[in-house]
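Below: the structure, in structure tokens.
Protein chains: 2
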Amino acid sequence: MARIKEFDRDKALDAAVGVFREHGFDGTSTEMLVNAMKIGRQSLYDTFGDKWALYRLAVERYACAETEAHIRELRGKERAIDGVSAMMDRVVAEADRACLGVNSICEFGQSRPDLTEVHLAADHRLRHAARDCIRQAQDAGDLDRSASADAVIDFLIASIAGIRIAARGGAGQEALQSLERLALRALMPR
Amino acid sequence: MARIKEFDRDKALDAAVGVFREHGFDGTSTEMLVNAMKIGRQSLYDTFGDKWALYRLAVERYACAETEAHIRELRGKERAIDGVSAMMDRVVAEADRACLGVNSICEFGQSRPDLTEVHLAADHRLRHAARDCIRQAQDAGDLDRSASADAVIDFLIASIAGIRIAARGGAGQEALQSLERLALRALMPR
DNA sequence: TCAATTCTGGAACGAACAGTCAAGAAAGGC
DNA sequence: GCCTTTCTTGACTGTTCGTTCCAGAATTGA
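Respectively, the protein sequence lines represent chains Z and A.
With our numbering, letter number 158 in the first sequence gets 158, and the count goes up by one each step, no holes.
Every position in the second sequence, counted from 1, becomes a number in our numbering once 1000 is added.
In structure tokens:
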């Protein structure tokens, strides 16, 4: 048995995320993985189990990082509504790289319970953190009150997915910014 | 050479669409295809070329059918704005089945020009048909005028993608209806 | 320095894959 | 009847896949 060190493990996992987000699970071969991760084939299997376990880990790692980035933006501003805008701004700015979360849901839907679990956990964490922010913005009169905080979060998440798909389909930055503007417009008070 | 008849060809193509939309290109084997299409392996290759050509044809057929369904709903109502709602209603109602367009863009992005071509053609047709409808609704005062017709269409398409991803991720009908309501809210005049 | 551990590269495995071949069944025209 | 064409069937090819095995290089710890 051979296991690579914690530090290299995380770096290798990041490399795996990079391959999977671009090519999906079925579109990625173990050879692409060992090349990108710069470790031997044997180390890959000893450290991560098999390809599916590595994929699940990669999705989990990506989801954690992405969720934390969302939350950081949400909480980074004085006014809560500015946090919402900042979160969407970041999504638009980084939309040129494929989203592993969207890809993973597209590729497998609900067919792999262990994968669904990962998605649900990330969704739960983001939802929990965003709820406060949304309510705060609603109380400040910056966000419409006719929709519940959860409905607002669902809409933001769906809008993020829509923006990322548009980007993957070839839309430019201006088009994505327009999508963001319209999405936020849905949440403005009348 | 053996080529199956036109009628059976279309039925077989529909079956292929059903498999591809659920499992993607890489997740679909030729055996799954011949089983679903109920034709011999040889007939498949003689009639459609290879797996990729069949996939491209399936995406094209799906895109055509979906675009026409959108346009039918758009034009089916007295008031243009009701057409927009009807289009979104249909998307929500049928969101339990995966969308081959979204899947295809997710899986391949812009990496296959011949596939991108198919998407662009469908986008162009829908955009052309929807523009009139949007402008009509704007003139009737049922749709906000601050966004251009093209921006509105882009937003509707992105919202449709967002709704479909949400559904693929497990969202129920009420959640999808809520997404639709909020998306349409973005386009309402203030 | 020596020995144990950790990692690499290459070879090899069976399985599954896309695609081909060839033989025969079914159908159609004469 | 018979011959030609159209389709089905199942076996087959070469390739690629995920995974394992193994020998040796590199690294580590004492």
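Each residue gets a CB set at the ideal place from its N, CA and C atoms; glycine is no exception.
Close beta carbons around residue i, own chain, < 8 Å, minus the five adjacent residues each side
| i | result |
| --- | --- |
| A:E1107 | G1024, F1025 and D1026 |
| Z:R131 | A149, D150 and I153 |
| A:S1159 | M1088, L1179, E1180 and A1183 |
| A:A1069 | R1090 |
| Z:D114 | R56 |
| A:V1034 | G1040, R1041 and L1044 |
Listed by chain order, chain Z residues near residue i by CB distance under 7 Å
| i | result |
| --- | --- |
| A:H1119 | G169 |
| A:V1102 | C106 and I165 |
| A:A1095 | None at all; the shortest Cβ gap to chain Z is about 11 Å. |
| A:A1183 | A186 |
| A:Q1110 | G170 |
| A:A1065 | Result: empty, since nearest Cβ-Cβ is about 19 Å, beyond 7 Å. |
| A:A1140 | Here the premise fails: no neighbours, minimum Cβ distance about 19 Å. |
| A:A1098 | G109 |
Presumed contact (8 Å Cβ cut-off) between residue i and residue j, rounded CB distance
| i | j | result |
| --- | --- | --- |
| Z:A161 | A:I1105 | No, Z:A161 and A:I1105 are not in contact; Cβ-Cβ is about 12 Å, not under 8 Å. |
| Z:A122 | Z:E22 | Not quite, the Cβ-Cβ distance comes to about 20 Å (not below 8 Å), so this is no contact. |
| A:G1049 | Z:T116 | No, A:G1049 and Z:T116 are not in contact; Cβ-Cβ is about 36 Å, not under 8 Å. |
| A:I1071 | A:L1126 | 7 Å |
| Z:C133 | Z:R61 | Contact doesn't hold; Cβ gap of about 24 Å is too wide. |
| Z:K147 | Z:R79 | The displayed chain sequence assigns Ala, not Lys, to residue 147 of chain Z. Z:A147 to Z:R79, Cβ: 19 Å. No contact. |
| Z:T47 | Z:R9 | 6 Å |
Interface partners of residue i on chain A, CB under 9 Å
| i | result |
| --- | --- |
| Z:T116 | G1169 and G1170 |
| Z:Q42 | Here the premise fails: no neighbours, minimum Cβ distance about 26 Å. |
Within 7 Å, strictly: CB atoms of residue i and residue j
| i | j | result |
| --- | --- | --- |
| Z:L156 | Z:V92 | no |
| Z:E73 | Z:R56 | no |
| Z:M32 | Z:V17 | no |
| Z:I81 | Z:D144 | no |
| A:V1059 | A:V1118 | yes |
| Z:A95 | Z:A15 | no |
| Z:D185 | A:R1190 | Going by the sequence as given, residue 185 of chain Z is Arg instead of Asp. No. |
Contact set for residue i: own chain, Cβ-Cβ below 6 Å, skip 5 residues either direction
| i | result |
| --- | --- |
| A:A1012 | M1037 and I1039 |
| Z:R135 | A149 |
Residue i - DSSP class collapsed to helix/strand/coil
| i | result |
| --- | --- |
| A:D1096 | coil |
| Z:Q177 | helix |
| A:L1182 | helix |
| A:M1191 | No answer is possible for residue 1191 of chain A: it lies beyond the span of chain A, which begins at 1001 and ends at 1190. |
| Z:I160 | helix |
| A:A1171 | coil |
| Z:Q42 | helix |
| A:L1143 | coil |
| Z:S111 | coil |
| A:S1104 | helix |
| Z:R75 | helix |
| A:G1027 | coil |
| A:G1049 | coil |
| A:S1148 | coil |
Neighbouring residues, chain Z, relative to residue i (Cβ below 8 Å)
| i | result |
| --- | --- |
| A:S1178 | A147, A151, D154 and F155 |
| A:A1161 | A161, G162, I165 and A166 |
| A:G1027 | D26 and E107 |
| A:A1137 | Ordered by position in chain Z, no residue passes the 8 Å Cβ test against A:A1137, which lies about 15 Å from the chain. |
| A:A1015 | None at all; the shortest Cβ gap to chain Z is about 19 Å. |
Spatial neighbours of residue i in its chain, beta-carbon cut-off 7 Å, leaving aside the 5 residues before and after
| i | result |
| --- | --- |
| A:K1077 | G1083 and A1086 |
| A:A1129 | I1071 and L1074 |
| A:Q1199 | Nothing can be reported for residue 1199 of chain A, as the shown portion of chain A is limited to 1001 through 1190. |
| A:K1051 | T1030 |
| Z:M188 | D144 |
| Z:T28 | V19 and F20 |
| Z:I163 | V91, V92, A95, L176, L179 and E180 |
Partner residues on chain Z for residue i, Cβ-Cβ distance less than 9 Å
| i | result |
| --- | --- |
| A:R1061 | None at all; the shortest Cβ gap to chain Z is about 19 Å. |
Listed by chain order, chain A residues near residue i by CB distance under 7 Å
| i | result |
| --- | --- |
| Z:R205 | The structure shown does not extend to residue 205 of chain Z, since chain Z is modelled only from 1 through 190, so no value can be given for it. |
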